[in-house]
Amino acid sequence: MDILPNSPICKPTRYRLPDRRASQNIAFERDNLKYHMTVGLYPDGRIGEVFLNAEHVNSLLDVLAHDGAILASLALQFGCPLETIRHALKRDGQGIAASPIGAALDLIEASE
Numbered sequence: 119m120d121i122l123p124n125s126p127i128c129k130p131t132r133y134r135l136p137d138r139r140a141s142q143n144i145a146f147e148r149d150n151l152k153y154h155m156t157v158g159l160y161p162d163g164r165i166g167e168v169f170l171n172a173e174h175v176n177s178l179l180d181v182l183a184h185d186g187a188i189l190a191s192l193a194l195q196f197g198c199p200l201e202t203i204r205h206a207l208k209r210d211g212q213g214i215a216a217s218p219i220g221a222a223l224d225l226i227e228a229s230e
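As structure tokens, then:
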């Protein structure tokens, strides 16, 4: 069976958050660098978006953290479980997240 580009199978549904939504703000440090994270929630309490910024605004690290959070948010809104995203990210030999976005997602998982 061929799946055509116009097939409904090829058009996953994105579940956007309402314009006004509950959120949590979390500040944390990773490798002696400070980060600020905001987690947006669906009305039922599920996590639907992540915003992550590094201490030095517009630095390469800030941009990479921000973009990684956008990708995680899109994955969540298309139905990918947080645990699946976390499992896909790089970890060191002790299982600790190797990146700021990995550390942020670990913090979210720990707070649930």
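In my numbering, the protein residues as written are 119 to 230. For each residue, glycine too, the CB sits at the ideal point set by N, CA and C. Just so we're clear, the structure is a prediction, and the values are computed from it rather than from any experiment.
Inter-residue spacing [alpha-carbon to alpha-carbon] between residue i and residue j
i, j, result
"GLU147", "GLY163", "25 angstroms"
"GLU167", "GLU227", "13 angstroms"
"ASP224", "ILE203", "10 angstroms"
"LYS152", "GLU173", "5 angstroms"
"GLY213", "TYR133", "31 angstroms"
"GLU138", "VAL157", "Residue identity differs from the one stated: residue 138 is Arg in this sequence, not Glu. Straight-line Cα distance between these residues: approximately 13 angstroms."
"VAL181", "THR131", "27 angstroms"
"ILE144", "LEU159", "14 angstroms"
"ASN176", "ASP185", "12 angstroms"
Helix, strand or coil at residue i according to DSSP, with G and I counted as helix
i, result
"GLY186", "helix"
"VAL181", "helix"
"GLY166", "strand"
"LEU223", "helix"
"ALA215", "strand"
"ALA172", "strand"
"LEU194", "helix"
"THR131", "coil"
CB of residue i within 7 angstroms of CB of residue j, strictly
i, j, result
"LEU170", "ALA222", "yes"
"PRO218", "ALA183", "yes"
According to DSSP, residues forming a beta bridge with residue i
i, result
"LYS208", "Answer is none; LYS208 lacks a bridge partner."
"ARG148", "LEU151"
"SER141", "GLY158"
Environment of residue i [buried if 16+ CB atoms lie within 10 Å]
i, result
"SER229", "exposed"
"SER191", "buried"
"LEU194", "buried"
"LEU178", "exposed"
"GLY197", "exposed"
Cutoff 7 angstroms: residue i Cβ touching any chain C Cβ
i, result
"LEU225", "The displayed structure is made up of one protein chain only, and chain C is not part of it."
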